[in-house]
Amino acid sequence: MSRQDDIVAVYLFGSFGTEYQNKYSDLDLGVIFHQCKLPDLRRELSIEAELSLLLGIDKIDLVNLNRAPVQLRFKAVAKGTILFEGDANALASFLENTYRKYGDYQVDLEAYYQEYRKALQEAYLNG
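To convert, note that position 65 of the sequence shown is 64 in numbering that gives the first Met the number 0; the numbers rise steadily by one, no gaps.
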């Protein structure tokens with residue numbers, strides 16, 4: 000690949016390389032960039048194209064984890080496999096931020112689910 004100084008880490012996540020992989024599976028790669036060097040779309044597409052050529056795989060889905068929703072960020076780093084680490088300190092900061100935000104999100108999500116279950120029970124079991 001060309002320059003990588005803007006990349007903090009790369010994670011493999013999703014079904015590729017697992018028991019759930021099938022002929023339709025794509026290669027899901029989560030890329031964490033330095034906050035001060037966030038790429039534009041052209042850079043992201045360039046990385047995806049370079050990886051496709053390098054690996055000989057057409058079905059690559061490159062996800063900029065800096066811009067991804069917290070649920071996807073958490074899934075990629077918690078369940079994925081790290082393939083490249085360029086800056087341990089920046090990665091630690093990203094992980095801390097992701098876990099903290101996901102924890103806050105989970106509290107709100109659980110409250111939502113409780114309200115939803117309660118509304119369903121009232122609508123269908125008591126009425």
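Glycine included, C-beta positions come from ideal geometry on N, C-alpha and C.
If the criterion is Cβ atoms closer than 9 Å, does the pair ILE31 and ALA8 meet it? Taking 9 Å as the Cβ cut-off, ILE31 and ALA8 qualify as a contacting pair.
So the candidates are GLN120, VAL62 and LYS58; which of them puts its Cα closest to the Cα of GLN20? Comparing alpha carbon positions, the residue from GLN120, VAL62 and LYS58 closest to GLN20 is LYS58.
With a Cβ-Cβ cutoff of 9 Å, do GLY16 and LEU71 count as a contact? Contact flag unset, no.
With a CB to CB cut of under 7 Å and the five nearest residues on each side skipped, what residues in its chain are close to LEU37? Same-chain partners within the cutoff: ASN65.
Going by CA-CA distance only, name the one from ASP27, PHE73 and ALA118 that's closest to LEU54. Of ASP27, PHE73 and ALA118, the smallest CA-CA separation from LEU54 is found for ASP27.
What whole-angstrom Cβ distance do LEU61 and GLU43 have, given they're in contact under 8 Å? Right, the Cβ-Cβ distance comes to about 6 Å (below 8 Å), so this counts as a contact.
Count the other CB atoms within 10 Å of the CB of GLY102; is the residue buried (16 or more) or exposed (fewer)? In summary, GLY102 is exposed, with fewer than 16 beta-carbon neighbours lying within 10 Å of its beta-carbon over all protein chains present.
Measuring straight from C-alpha to C-alpha, what distance separates HIS33 and ASN88? Whole-angstrom Cα-Cα distance: 11 Å.
Per-residue burial, VAL76 [other beta carbons within 10 Å of its own, 16 or more giving buried]: Buried, by the Cβ-count rule.
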